[in-house]
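Numbering (mature numbering (1 follows the signal peptide of the UniProt record, and there is no 0)) for the sequence shown: -26 to -1, 1 to 245.
No residue lacks a Cβ here, since even glycine has one placed at the ideal position from N, Cα and C.
Here the structure is a predicted model, which is why all the values come from computation and not from measurement.
Below is one structure; the comments refer to it alone.
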Amino acid sequence: MAQHSALLFRVFLSIFSILSSNQTEATTIARLVPRSLYNSIFIHKDNTACPANGFYTYESFVEATRRFPRFGSVGSPETRRREVAAFLAQISHETTGGWPTAPDGPYAWGLCFKEEVNPQSIYCDSSNMDWPCVSNKTYQGRGPIQLSWNYNYGPAGRALGFDGLKNPEIVANNSVIAFQTALWFWMTEQSPKPSCHDVMIGKYRPSVADLAANRTGGFGLTTNIINGGLECGIAGDGRVNDRIGYFQRYAGLFNVGTGPNLDCEKQRPFA
């Protein structure tokens, strides 16, 4: 009888542990970013002037983070808040609808767009044989990180369970998948680039090439990872400054410092 009771107790503990783990993963972001804070960050995302109004819901954001339990859950409380603030700042710049004299300021208009406006190409790298473009499909920026190019849509889809090459439109049609693609890009190392996640939690260790290129850890390096080829190594670039403006506002809302190295004007882009 005692052995039977002990077995039942162990089974109970196992079930409790699994349920507790799932609950922890599901509620980590909800604790860091309660609905009230999310609404304070994205004041105008559902403004009728924003083409994406109604798309980037709080529920979709929280649901998407369940796929990436390490997001916002590594390091000290300050590190966790800083990482989430940095991520939200970067996706806000990518989807900004703000302007210098906008109501509530230029950094209150993140998540205004879900698809690139007037794309200049179909973003197909035909030389990439690993992720070949599909006829009549375009791979312009979509979703919070404005996922672009076939060589990003393909691996993102494989990781997340959709066909990114044949059905890239889903990123602009499904808000959970849209947020997941942004988180996938943030969390995934693409050598020689580190992941933005590793940079913001202090795990990044620069290589000899990184040191020579002045690629120091900090928010500026996440900008280099995302769009360094067009924005980094340029003094006073407005796009970089916009990213920093969003980050500074959000860091204030999260009650956390931004950390050093906010810009990338002295960094060389990754090859």
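- For the pair Gly207 and His171, the Cα-to-Cα distance works out to about 22 angstroms.
- For Asp172, the enclosing alpha helix (DSSP H) starts and ends at 170 to 174.
- Within its own chain, the residues whose Cβ lies closer than 8 angstroms to the Cβ of Lys140, once the five positions on either side in sequence are excluded, are Val108, Lys111, listed in chain order.
- Taking one beta carbon from each stretch, the segment 91 to 102 and the segment 29 to 40 have fewer than 3 pairs nearer than 8 angstroms; the two do not touch.
- By the Cβ neighbour-count rule, Ser66 is buried, with 16 or more other Cβ atoms within 10 Å of its own.
- Following the DSSP letters along the chain, one finds Phe16 in no alpha helix (DSSP H), marked with neither H nor E.
- The Cβ atoms of Thr70 and Cys86 lie closer than 9 angstroms to each other.
- Going by DSSP, Glu205 is part of the alpha helix (DSSP H) stretching over 193 to 205.
- Between Val91 and Arg116, the CB-CB gap reaches or exceeds 9 angstroms.
- The DSSP-derived three-state label of Leu121 is strand.
- Taking a cut-off of 8 angstroms on C-beta distances, the segment 114 to 131 touches the segment 156 to 167, as three or more cross pairs fall below it.
- For Arg41, the CB contacts under 6 angstroms within the same chain, skipping 5 residues up- and downstream, are Gln154 in chain order.
- By the 16-neighbour rule on beta-carbons within 10 angstroms, Arg179 is exposed.
- Under the three-state reduction of DSSP, Arg217 is assigned to helix.
- DSSP links Glu89 through a beta bridge to Arg116.
- Apart from sequence neighbours up to five positions away, the residues of its chain that approach Val48 with a beta-carbon distance below 6 angstroms are Ile175, ordered along the chain.
- DSSP, reduced to helix, strand and coil, places Gln164 within a strand of the structure shown.
- Nearest to Gly194 by alpha-carbon distance, out of Ala183, Ser181, Asn215, Lys177, is Asn215.
- Pairing Ser34 with Ser149 gives a Cβ-Cβ distance under 9 angstroms.
- DSSP places Pro51 inside the alpha helix (DSSP H), whose first and last residues are 51 to 68.
- Ala38: member of the alpha helix (DSSP H) spanning 32 to 39, first to last residue.
- For Ile144, the enclosing alpha helix (DSSP H) starts and ends at 144 to 147.
- The C-beta separation of Thr196 from Ala23 comes to about 28 angstroms, leaving the pair out of contact by the 8 angstroms criterion.
- Secondary structure at Trp158: helix, using DSSP grouped into helix, strand and coil.
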